[in-house]
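Peer 1: So that we are looking at the same thing, I have put the structure below in structure tokens.
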Amino acid sequence: DQQVKQNSPSLSVQEGRISILNCDYTNSMFDYFLWYKKYPAEGPTFLISISSIKDKNEDGRFTVFLNKSAKHLSLHIVPSQPGDSAVYFCAAGAGSYQLTFGKGTKLSVIP
Amino acid sequence: ETGVTQSPTHLIKTRGQQVTLRCSSQSGHNTVSWYQQALGQGPQFIFQYYREEENGRGNFPPRFSGLQFPNYSSELNVNALELDDSALYLCASSGRTGSSYNSPLHFGNGTRLTVT
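In order, the protein sequences belong to chains Z and P.
Residue numbering for the first sequence follows this note's numbering, beginning at 1 and increasing consecutively.
Residue numbering for the second sequence follows this note's numbering, beginning at 1001 and increasing consecutively.
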């Protein structure tokens, strides 16, 4: 039973355009959410997070939106750059230890 | 500030054998977690250690065990290896008890374990 779902295994976007990565969750107890980026042969790198009491958090080119009623969050990257090409994982936490990850979305930014 | 380091990078073992993976936490971090990432999947939580004691465990059998040392380095031990144990094993540290939205986990580059 997947509590965090990333339904798009891959996404291709032109350089300079917006990338939108989506994530759905089922567990209402999750109280914070994070996005991690992973390059091949490297560990996941923290990108941005959001508390469940917020609906938006912005950090430079990256913005995360949270819709609690729909149990949905999205990561917007504007403008997309070739260096953004990686696998993006959505993760959720309830309390202070276990993170639950989605399966990831592979983003390809085409120059 | 040094990041999370894991050793070895790659490892090949035979079914039934035992394996020990090692991790050095990021400087100043006192909590370490281990995750298993199978091919095509997201990382799955194995367990977490804080102050040398296990304080959270995912859905993994007892043959997965761990240790945290006073210097906050850590080991993951897997006994009686099975073919399905083949995966990338990730160690992560954080600067407080576990993870939160303002104290996220910092991951190492992982150990790729292949069981034949």
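Backbone N, C-alpha and C fix where the C-beta goes; we use that ideal spot for every residue, glycine too.
Computed from a predicted model, the values in this text were never measured in an experiment.
Apart from the five residues on each side of it in sequence, which residues of its chain come closer than 6 Å, Cβ to Cβ, to residue 1060/P?
Peer 2: Cβ neighbours of residue 1060/P beyond the five flanking positions: 1046.
Peer 1: Are the beta-carbon atoms belonging to residue 47/Z and residue 62/Z less than 8 Å from one another?
Peer 2: Contact: yes.
Peer 1: Which of the three DSSP states, helix, strand or coil, is assigned to residue 99/Z?
Peer 2: Strand, per DSSP.
Peer 1: Where DSSP assigns a beta bridge to residue 48/Z, which residues make up the other side?
Peer 2: BP columns for residue 48/Z point to 35/Z.
Peer 1: Candidates 30/Z, 18/Z, 82/Z and 99/Z: which alpha carbon is nearest residue 75/Z's?
Peer 2: Taking only the C-alpha atoms, the option nearest residue 75/Z is 18/Z.
Peer 1: I want to see whether chain P comes within less than 8 Å of residue 40/Z, judged by CB atoms only; does it?
Peer 2: No, residue 40/Z does not count as interfacial toward chain P.
Peer 1: Would you list the residues sitting across from residue 106/Z in a DSSP beta bridge?
Peer 2: DSSP lists 10/Z and 87/Z as partners of residue 106/Z.
Peer 1: Candidates 1041/P, 1005/P, 1021/P and 1107/P: which alpha carbon is nearest residue 1113/P's?
Peer 2: For residue 1113/P, the nearest C-alpha among the options comes from 1021/P.
Peer 1: Between residue 1009/P and residue 69/Z, what straight-line distance do the alpha-carbon atoms span, to the nearest angstrom?
Peer 2: Their backbone Cα atoms lie some 42 Å apart in a straight line.
Peer 1: Using the beta-carbon of each residue, which ones in chain P are nearer than 9 Å to residue 103/Z?
Peer 2: Those are 1040, 1041 and 1042, listed as they occur along chain P.
Peer 1: Could you tell me if residue 1069/P is buried or exposed, where buried requires 16 or more neighbouring beta carbons within 10 angstroms of its beta carbon?
Peer 2: The residue in question, residue 1069/P, is exposed, as its Cβ has fewer than 16 Cβ neighbours within 10 Å.
Peer 1: Taking only the alpha-carbon atoms, compute the straight-line gap between residue 1044/P and residue 1089/P and give it to the nearest angstrom.
Peer 2: Taking the straight line from one Cα to the other gives about 9 Å.
Peer 1: Let me check understanding here. Comparing Cα to Cα, which of 1081/P, 1037/P, 1005/P and 1048/P lies closest to residue 1012/P?
Peer 2: If we check each option's Cα against that of residue 1012/P, 1081/P comes out closest.
Peer 1: By the criterion of Cβ-Cβ separation under 8 Å, what are the contact partners of residue 1048/P in chain Z?
Peer 2: Chain Z residues near residue 1048/P: 97 and 98.
Peer 1: Is the Cβ of residue 1055/P closer than 8 Å to any Cβ of chain Z?
Peer 2: Taking Cβ atoms only, chain Z reaches closer than 8 Å to residue 1055/P, which makes this a yes.
Peer 1: Reducing DSSP to helix, strand and coil, say where residue 1021/P ends up.
Peer 2: Strand, per DSSP.
Peer 1: What separation, rounded to the nearest whole angstrom, lies between the Cα atoms of residue 1115/P and residue 1086/P?
Peer 2: Looking at the two C-alpha atoms, the distance is approximately 5 Å.
Peer 1: List, from N- to C-terminal side, the beta strand (DSSP E) runs of 3 residues or more that fit wholly inside the segment 1053-1091 of chain P.
Peer 2: List check, beta strand (DSSP E) in window: 1053-1057, 1064-1068 and 1074-1078.
Peer 1: Rounded to whole angstroms, what is the Cα-Cα separation between residue 43/Z and residue 97/Z?
Peer 2: In a straight line, the C-alpha of residue 43/Z is about 18 Å away from that of residue 97/Z.
Peer 1: Quick one: which chain P residues come within Cβ less than 9 Å of residue 30/Z?
Peer 2: The premise fails here: residue 30/Z is roughly 11 Å from chain P at the closest Cβ pair, so nothing lies under 9 Å.
Peer 1: For residue 1066/P, which residues in chain Z fall below 9 Å Cβ to Cβ?
Peer 2: The contacting residues do not exist; residue 1066/P stays about 13 Å from chain Z at best.
Peer 1: Please name the residue in 1023/P, 1039/P and 1027/P whose C-alpha comes closest to that of residue 1033/P.
Peer 2: When each option's Cα is compared against that of residue 1033/P, the closest is 1023/P.
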